[in-house]
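Asks: Numbering (the working numbering), first residue to last: 1302 to 1660. Think of the CB as a built atom: it goes at the ideal place given N, C-alpha and C, for glycine as much as any other residue. Source: prediction; values computed, not measured. Sharing a structure, written as structure tokens. Questions coming.
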Amino acid sequence: MSQGVIQGSMREAPLPDIIQLVSQGGKSGCFHVQQEASKARIYLKDGRIIHAVTHAGEGFEALMEVALWLEGSYRFEEVVPDVPATITKPNASILMELGRRMDEWRVISQKVPSVDLYPASTLLPGETPQGVNPREIKLLALATGYYTVSELAEVMQKPVLTVAKDLYGLVMAGHVVMKGIRSGKPAKIDAPAAEPAKEKELVPVSTLLGSSSGPVMPESTAEETAIVRLQAPRPLPRMQGFPENEEPLPETVGGGVVGGEPPVSAPKPAPMDDPQRMVKLMNFTQRIAQAAKMVLPEAQHEMVNRLQARATQQIISGDGPEAVKGLALAISRGAVDAGCDADMVRTLNTHLKALFSTK
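Following this line, the structure appears as structure tokens:
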């Protein structure tokens, strides 16, 4: 990367990918991130994320606010940061969490486009819907059209992404509609009861960068609204310069792999000096991981995260397209090794192959 200023759009290159590329170079400076009127500053020192500031606060949670900004822009300036070190987690876990939340929001925003909209229940007075958990019942009682999504999060004392995820499921079920104008009256709010244990984080939809630490799972999957199974991966057009002669994914026969011998490795190419191409390749690994998680059970998501993290490091080291192709093959073989049935592996291979085909 060149010295000085680096800037671009998060639609073209996801922010976690850009931060990772900058951190790999051991740079110090500040990312200025903006989406409409919202602004954030993310500080790096010697490549490590140390501080973040938004209008709502600072530190780790301020950095996680950026997960809801999918259409914003970024600008990185190399400066010596004179800020407190409020973030002490390693970059890998920070970027994985940021990417995970961005992926969650990317899906949720299809039905809950903004946290400034007003959810309104469609239920009749006294009507109790089937298949909702206690938290969603409470949310339905508060969804009178008076509170925005972000205000509901404050009222319920829950992360805004948790509330938005519950609303996604309720909208999909037809129990809630999203309105652009405040209406109705505020619901009666009871004092929150003490919870026996801290609520766990959301179930990931996909991992942007991948990490060996794996996703954090909820205490009870029955308490969460499933999102992963409702979405189909969006095929990407073939990337310019991507190899045409991809190795076919292994087919399953009685739980085994036909032609499963590993390919002979080609000589390792020199590291790429085009950061934009590296970001595109990392984006492709994200799509592969997302497609895999649409098919594989949650128990195999950690395997997908681990393989994606390895592919990301290979891209940074210069493997380029070979690392992307190798990720798809490794996930398919990993599913077979984990004992996934033949039909599931065939479905997985179909999804992965669709990513490499031209629309």
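1) For K1466, report the span of its alpha helix (DSSP H) as first-last.
2) Report the CB separation of F1443 from D1467 in whole angstroms; it is logged as a contact under 8 Å.
3) Just grab the DSSP bridge partners of V1334 for me.
4) Could you tell me whether the Cβ atoms of L1630 and C1641 are closer together than 9 Å?
5) Could you give the residue range of the alpha helix (DSSP H) that holds A1393?
6) Hey, quick one: how far does the beta strand (DSSP E) through Q1308 stretch, first residue to last?
7) Keeping to the same chain, check which residues put their C-beta closer than 8 Å to that of L1424; ignore five residues upstream and five downstream.
8) Which residue's Cα is closest to the Cα of Y1469: G1427, E1372, P1414, Q1336?
9) Helix, strand or coil for D1642, going by three-state DSSP, please let me know.
10) Going by DSSP, what residues sit across from T1355 in a beta bridge?
11) Roughly how many angstroms separate the alpha carbons of E1337 and W1370, rounded to a whole number?
12) Taking buried to mean at least 16 other C-beta atoms within 10 Å of its own C-beta, is H1356 buried or exposed?
13) Applying the 10 Å Cβ sphere with the 16-neighbour rule, what's the burial state of R1401?
14) Of all the beta strand (DSSP E) runs that stay within the bounds of the region 1589-1634, which reach a length of 3 or more residues?
15) Applying the criterion that 16 or more other CB atoms from any shown protein chain within 10 Å of the CB defines a buried residue, is P1420 buried or exposed?
16) Looking at the strands, I want to know which residues DSSP matches up with R1686.
17) Give me, in chain order, the residues of the same chain whose beta-carbon lies closer than 6 Å to that of S1484; leave out the 5 immediate sequence neighbours on both sides.
18) Count the other C-beta atoms from every protein chain shown that fall within 10 angstroms of the C-beta of P1487, then say buried if there are 16 or more, exposed otherwise.
19) Do you know how far the Cα of H1333 is from the Cα of I1482?
20) Pull up the CB-CB distance for H1652 and A1592, whole angstroms please, since I reckon it's below 8 Å.
21) A1444 by DSSP, collapsed to three states: which one?
22) Based on DSSP bridge pairs, tell me the residues matched to S1422.
23) Have a look at R1634, G1635, P1622 and flag the residue whose alpha-carbon is nearest the alpha-carbon of F1657.
24) According to DSSP, simplified to helix, strand and coil, what is T1651?
25) Hey, quick one: how far does the alpha helix (DSSP H) through L1322 stretch, first residue to last?
Replies: Answer, in terms of the structure:
1) Taking the sequence shown and counting its residues from 1, the one referred to as residue 1466 is at position 165. Counting along the chain, the alpha helix (DSSP H) containing K1466 begins and ends at 1461-1473.
2) For the purposes of this step, residue 1443 is taken as the residue at position 142 of the sequence shown. For the purposes of this step, residue 1467 is taken as the residue at position 166 of the sequence shown. Before going further, note that residue 1443 is Leu rather than Phe in the sequence given. No, L1443 and D1467 are not in contact; Cβ-Cβ is about 11 Å, not under 8 Å.
3) As a position in the sequence shown, residue 1334 is number 33, starting the count at 1. Looking at the DSSP assignment, V1334 forms a beta bridge with A1341, Y1375.
4) Looking up residue 1630 in the sequence shown gives position 329. Looking up residue 1641 in the sequence shown gives position 340. No; because the gap between Cβ atoms is not below 9 Å, this pair is not in contact.
5) Numbered from 1 along the sequence shown, position 92 holds the residue referred to as residue 1393. Per DSSP, A1393 belongs to the alpha helix (DSSP H) from 1392-1409.
6) For this step, residue 1308 is matched to residue 7 along the sequence shown. Residues 1306-1310.
7) For the purposes of this step, residue 1424 is taken as residue 123 along the sequence shown, with counting starting at 1. P1430, L1441, H1476, listed in sequence order.
8) Taking the sequence shown and counting its residues from 1, the one referred to as residue 1469 is at position 168. Here the closest residue by C-alpha is P1414.
9) Walking along the sequence shown from the start, residue 1642 turns up at place 341. DSSP places D1642 in coil when its eight states are reduced to three.
10) Locating residue 1355 in the sequence shown gives position 54, where the first residue counts as 1. Answer by DSSP bridge pairing, in chain order: A1341, G1358.
11) As a first step, residue 1337 is located in the sequence shown; it is residue number 36 there, counting from the start. As a first step, residue 1370 is located in the sequence shown; it is residue number 69 there, counting from the start. For E1337 and W1370, the distance between alpha carbons rounds to 9 Å.
12) In the sequence shown, residue 1356 corresponds to position 55, counting from 1. When all chains shown are included, H1356 counts as exposed.
13) Start at 1 with the first residue of the sequence shown, and residue 1401 comes out as number 100. It is buried - the Cβ of R1401 has at least 16 other Cβ atoms within 10 Å.
14) none
15) Within the sequence shown, numbered from 1, the residue matching residue 1420 stands at position 119. Buried, by the Cβ-count rule.
16) Nothing in the structure corresponds to residue 1686, since the chain is present only between 1302 and 1660.
17) Position 183 of the sequence shown, counted from the start, is the residue given in the question as residue 1484. The residues are G1446.
18) By one-based count along the sequence shown, residue 1487 stands at place 186. Looking at its Cβ environment, which holds fewer than 16 other Cβ atoms inside 10 Å, P1487 is exposed.
19) As a first step, residue 1482 is located in the sequence shown; it is residue number 181 there, counting from the start. As a first step, residue 1333 is located in the sequence shown; it is residue number 32 there, counting from the start. Cα to Cα, I1482 sits roughly 31 Å from H1333.
20) Taking the sequence shown and counting its residues from 1, one reaches residue 1652 at position 351. Taking the sequence shown and counting its residues from 1, one reaches residue 1592 at position 291. The pair is a contact, with the Cβ atoms about 4 Å apart (cut-off 8 Å).
21) For the purposes of this step, residue 1444 is taken as the residue at position 143 of the sequence shown. Coil at A1444, not helix or strand.
22) Position 121 of the sequence shown, counting from 1, holds the residue named residue 1422. Beta-bridge pairing links S1422 to V1477.
23) Taking the first residue of the sequence shown as 1, we reach residue 1657 at position 356. If we check each option's Cα against that of F1657, P1622 comes out closest.
24) Sequence index remark: in the sequence shown, residue 1651 carries index 350 (1-based). Reduced to three states, the DSSP call for T1651 is helix.
25) For the purposes of this step, residue 1322 is taken as the residue at position 21 of the sequence shown. It spans 1316-1325 - the alpha helix (DSSP H) in which L1322 sits, taken as one unbroken run.
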